[in-house]
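A.B. asks: Residue numbers (this note's numbering): 4 to 327.
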Ligand SMILES: [Mg+2]
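Okay, here's the thing in structure tokens:
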């Protein structure tokens, strides 16, 4: 069976391409980035674009059915808002499609909505519609945001010589999945990720290329490298590792921080002369921003240790259609 990204390209990007010939071209950017970008029409002001993204969470696949429902409500919206952040977009509204099983009674829904709407209120993102049905528990959210054309962050905008940056500390969610209950802050990062919206909207002045980390740093960086047709050298010793991982052997720390998923930090590229402004932004936001490597013209991708030795790591992330 083909993999997740191969399937998207083969069945859906090709179909979308076929439609393009016959329809008015509203998509400025279609399938393949964190969000699609739509031009809202000629009546609206200048360069404002509409950013749209959908994420689906399935019980038993993305979360255990007995997970705390308030955390689940938070996370279902957070992973969608993270895609808006990765485009530099501000959230405006969302739709919610829910399949609910008999276990999801009113008390469950109460808690779910508590987590969902607390995060929605924090980011002024309004629920505008959706659907509910009976079935195995499944949550599908579509978020809508806006972004200026000149400020949007796209996966195909990395340039040779750009520095590669990442926000926050990595590996906590993957650690919590393997070692639940050992670190409260790691558990919190897995259950209640914080979408980096303030960073995303501020980044547009310094960067034009970003992705959010959902499937692991190396796999998500690979999306940027492929779309931008460039290579990368990543320095393993510069990777900001979450404190919960520090007691683990180095190879396991690296595996969790570089290949573990669910971090929902932003990975972005910026020209070297933006470094000072990015350090200042890091202080303003109270969020670590770390330069971890460089974009190269030749298409090779590598992770090296402090002595420049290749670690031979594969730039692959999580794929839902590859057997695990
Ligand atoms: Mg994404």
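The C-beta atom is built at its ideal place from N, Cα and C for all residues, glycine as well.
Report the rounded CA-to-CA distance for residue 125 versus residue 292, giving the unit in angstroms.
C.D. replies: As a position in the chain shown, residue 125 is number 122, starting the count at 1. As a position in the chain shown, residue 292 is number 289, starting the count at 1. If I take the Cα positions, the gap works out to 23 Å.
A.B. asks: Nearer than 7 Å: is that true of the beta carbon of residue 3 relative to any heavy atom of ligand 1?
C.D. replies: For residue 3 there is no data in the structure shown, the boundaries of the chain being 4 and 327.
A.B. asks: With a Cβ-Cβ cutoff of 8 Å, do residue 207 and residue 156 count as a contact?
C.D. replies: Here residue 207 refers to the residue found at position 204 of the chain shown. Here residue 156 refers to the residue found at position 153 of the chain shown. Result yes, Cβ atoms of residue 207 and residue 156 sit closer than 8 Å.
A.B. asks: Which residues does DSSP pair with residue 54 in a beta bridge?
C.D. replies: The sequence position of residue 54 within the chain shown is 51, counting from 1. According to DSSP, residue 54 bridges with 40 and 148.
A.B. asks: Note down, in chain order, each residue of its chain lying with its Cβ closer than 8 Å to the Cβ of residue 285, except the 5 sequence neighbours on either side.
C.D. replies: Taking the first residue of the chain shown as 1, we reach residue 285 at position 282. Within the same chain, residue 285 has close Cβ partners 291 and 292.
A.B. asks: Out of 103, 158 and 142, which one is the CA nearest neighbour of residue 214?
C.D. replies: Within the chain shown, the letter at position 211 stands for residue 214. Looking at the Cα atoms, 158 is the closest of the given residues.
A.B. asks: Have a look at residue 202 and residue 288 and give me their C-alpha separation to the nearest angstrom.
C.D. replies: Here residue 202 corresponds to residue number 199 of the chain shown, with the count starting at 1. Here residue 288 corresponds to residue number 285 of the chain shown, with the count starting at 1. Approximately 7 Å between the Cα atoms of the pair.
A.B. asks: Can you tell me the Cα-Cα spacing of residue 64 and residue 129, whole angstroms?
C.D. replies: By one-based count along the chain shown, residue 64 stands at place 61. By one-based count along the chain shown, residue 129 stands at place 126. So the two alpha carbons sit approximately 27 Å from each other.
A.B. asks: Helix, strand or coil: how does DSSP classify residue 104 here?
C.D. replies: For this step, residue 104 is matched to residue 101 along the chain shown. Residue 104: coil per DSSP, three-state reduction.
A.B. asks: Ignoring anything shorter than 4 residues, give me the alpha helix (DSSP H) runs that lie fully in the region 112-192, in order along the chain.
C.D. replies: 175-181
A.B. asks: Please report how far the alpha carbon of residue 99 lies from the alpha carbon of residue 267, in whole angstroms.
C.D. replies: As a working note, residue 99 is residue 96 in the chain shown. As a working note, residue 267 is residue 264 in the chain shown. Rounded to whole angstroms, residue 99 to residue 267 spans 20 Å at the Cα level.
A.B. asks: Can we say the region 13-20 touches the region 215-225, given the rule of at least three CB pairs closer than 8 Å?
C.D. replies: no
A.B. asks: Looking at the unbroken alpha helix (DSSP H) that takes in residue 248, where does it start and where does it end?
C.D. replies: In the chain shown, counting from the first residue as 1, residue 248 sits at position 245. First-last for residue 248: undefined, no H or E at that position.
A.B. asks: So, at 8 Å on beta carbons, what are the nonlocal neighbours of residue 297 in its own chain, with the 5 sequence-adjacent residues on each side left out?
C.D. replies: Counting from one through the chain shown, the residue named residue 297 turns up at place 294. Cβ within range, chain order: 164, 165, 166, 167, 235 and 236.
A.B. asks: May I have the straight-line CA-CA distance separating residue 283 from residue 192, to the nearest angstrom?
C.D. replies: If you number the chain shown from 1, residue 283 lands on position 280. If you number the chain shown from 1, residue 192 lands on position 189. Distance between the alpha carbons of residue 283 and residue 192: 25 Å.
A.B. asks: Contact between the region 224-233 and the region 116-125: three or more CB pairs below 8 Å?
C.D. replies: Between the region 224-233 and the region 116-125 there are fewer than three inter-stretch CB-CB distances shorter than 8 Å, so the stretches are not counted as touching.
A.B. asks: List the residues that DSSP assigns as beta-bridge partners of residue 313.
C.D. replies: Looking up residue 313 in the chain shown gives position 310. Paired residues: 307.
A.B. asks: Might you give, ordered along the chain, the residues of its own chain that have their beta carbon closer than 7 Å to the beta carbon of residue 136, omitting 5 neighbours on each side?
C.D. replies: Counting from one through the chain shown, the residue named residue 136 turns up at place 133. Contacts found: 102.
A.B. asks: Quick check on the DSSP output: the beta strand (DSSP E) that includes residue 237 runs from which residue to which?
C.D. replies: Walking along the chain shown from the start, residue 237 turns up at place 234. Looking at the DSSP string, the run of the beta strand (DSSP E) that includes residue 237 is 234-238.
A.B. asks: How close, in whole Å, do the beta carbons of residue 146 and residue 84 come, if the pair is a contact with beta carbons under 8 Å?
C.D. replies: For the purposes of this step, residue 146 is identified with residue 143 of the chain shown, where counting begins at 1. For the purposes of this step, residue 84 is identified with residue 81 of the chain shown, where counting begins at 1. Contact holds; Cβ gap of about 6 Å.
A.B. asks: Going by DSSP, what residues sit across from residue 94 in a beta bridge?
C.D. replies: Here residue 94 refers to the residue found at position 91 of the chain shown. DSSP, once it has assigned bridges, lists 148 as partnering residue 94.
A.B. asks: In the DSSP output, what is residue 294 paired with across the bridge?
C.D. replies: Within the chain shown, numbered from 1, the residue matching residue 294 stands at position 291. Beta-bridge pairing links residue 294 to 168.
A.B. asks: Taking Cβ to Cβ, would you say residue 174 is nearer than 8 Å to residue 244?
C.D. replies: The residue labelled residue 174 in the question sits at position 171 within the chain shown. The residue labelled residue 244 in the question sits at position 241 within the chain shown. Going by C-beta atoms, residue 174 is nearer than 8 Å to residue 244.
A.B. asks: Given residue 132, which residues of its chain have a CB within under 6 Å of its CB, disregarding the five upstream and five downstream residues?
C.D. replies: Walking along the chain shown from the start, residue 132 turns up at place 129. Counting only Cβ-Cβ distances below 6 Å, and skipping sequence neighbours, we find 98.
A.B. asks: Does the separation of the CB atoms of residue 148 and residue 205 fall below 8 Å?
C.D. replies: By one-based count along the chain shown, residue 148 stands at place 145. By one-based count along the chain shown, residue 205 stands at place 202. It is not a contact, given that the beta carbons lie outside the stated cut-off.
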